[in-house]
Amino acid sequence: MDEGVLSFKAQLEAAVTTGGLKAKESAIRSSKLINSIHEVVKSSFIQQGIAPSRIAPPLGATVKELRLAGFIKQKDQDVCVLPEGYTPKHEIMVEGLLNEAMDLYGKDYTERTLVVNIRSQVSSLDKNFDTLFERTIAEAQNLHVRCPKLVMGEVYMIAVPEYDVEAMRTNQIEFSKRAPKVLKYIKSFSAINLRRTSTGNDHKYERVCLLIVDFRPSTPIIHHTTASLKDAGLIPADSTIDFSGLSWQGFTSDLLTIYNERFHYGAV
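Numbering (this note's numbering), first residue to last: 2 to 269.
So this is what it looks like as structure tokens:
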């Protein structure tokens, strides 16, 4: 993940120094920046023993995302591990808001697809929190209501401290001096993490990674532990919160373990 975050930083700051805020926004909308994180997630699954042919989109590619149908909408998923022994089947949907719509994969195939979505927020963390968090919950609900057994992960990267938007307007790289509300993010994402069973809690993810990154150094610092966050002054020294369940460490292996438990051992 260190290399992925470094690539993200290099591309983001190059866009800002050459084209200012508009170039940064354009790069984010095009998904060029976040693709470096996509590649890390794909590589991690492959390192865990998943055949590269079962990763969609393939490693190094950004096209051929799976457009999976949930209860409310069909949406392209960032990274998927395709189920082994199952073949996509066209299916006319008979429930939800997509009643009578064509599902190109079918419910059985969809439910056995391991899904990971990836987002980033590097500025205006407080301003956009509610909207983005609601969207994160909605994505899990959309798929879990229709496919309760589906195993779903979320990687959510935040810049702490965040980039200064006003400095970007003049092509400058600076960081906000406002104290980031890291504890709010940790508590919120902990509340939608670790969906243990396939019944209920449709708004939760089987595993969330809250990627808290300090982009100020030439080599960004990723906080993996509660102790690291305390040492950096990002959460109170006497805080009893446990960050370990949100760390990148063990993210893909945890998802694969849950997948095997939910379906059967050796499923992946």
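Quick reminder that beta carbons are idealized off the backbone N, C-alpha and C, glycines included.
Residue i and residue j look like a contact to me (Cβ under 8 Å); what is the Cβ gap, rounded to whole Å?
i: F72; j: R147; result: 4 Å
i: K182; j: D127; result: 6 Å
i: L247; j: N194; result: 6 Å
i: V156; j: I51; result: With 8 Å as the limit, V156 and I51 do not qualify as a contact, their Cβ atoms being about 16 Å apart.
i: H204; j: I259; result: The Cβ separation is near 17 Å, so there is no contact.
Mark residue i as exposed unless 16 or more other C-beta atoms lie within 10 angstroms of its C-beta, in which case mark it buried.
i: Q1; result: Given a span of 2 to 269 for the chain in the structure shown, any question on residue 1 remains unanswerable.
i: P237; result: exposed
i: Q48; result: exposed
i: Q78; result: buried
i: R30; result: exposed
i: T200; result: exposed
i: T88; result: exposed
i: H265; result: exposed
i: K65; result: exposed
i: I35; result: buried
i: K43; result: buried
In its own chain, which residues sit with a C-beta less than 6 Å from the C-beta of residue i, not counting the 5 before and 5 after it?
i: Q75; result: R68
i: Y106; result: P89
Measure the alpha-carbon distance for residue i versus residue j and round it to whole angstroms.
i: L98; j: H225; result: 40 Å
i: L115; j: T171; result: 42 Å
i: L190; j: T132; result: According to the sequence as given, residue 190 is Phe; it is not Leu. Their backbone Cα atoms lie some 14 Å apart in a straight line.
i: L104; j: T19; result: Contrary to the premise, residue 104 reads as Asp rather than Leu in this sequence. Straight-line Cα distance between these residues: approximately 43 Å.
i: V95; j: L13; result: 44 Å
i: E135; j: E112; result: 23 Å
i: K178; j: A160; result: 13 Å
i: F130; j: V123; result: 12 Å
i: N261; j: T227; result: 29 Å
i: K150; j: M169; result: 44 Å
i: E140; j: K231; result: 31 Å
Just to confirm my understanding: we take residue i, look at its own chain, exclude 5 residues before and 5 after, and list those with CB closer than 8 Å. What are they?
i: K10; result: F216, P221
i: S125; result: E163, V166
i: N143; result: G71, F72, I73, K74, K76
What are the start and end residues of the beta strand (DSSP E) that includes residue i?
i: D77; result: 75–77
i: L115; result: 115–122
i: D215; result: 208–215
i: H224; result: 222–224
Excluding sequence positions up to five away, which residues of its chain have a Cβ less than 7 Å from the Cβ of residue i?
i: V6; result: V214, P221, I223
Along the chain, where does the alpha helix (DSSP H) containing residue i start, and where does it finish?
i: M169; result: 166–169
i: G20; result: 3–30
i: L133; result: 130–147
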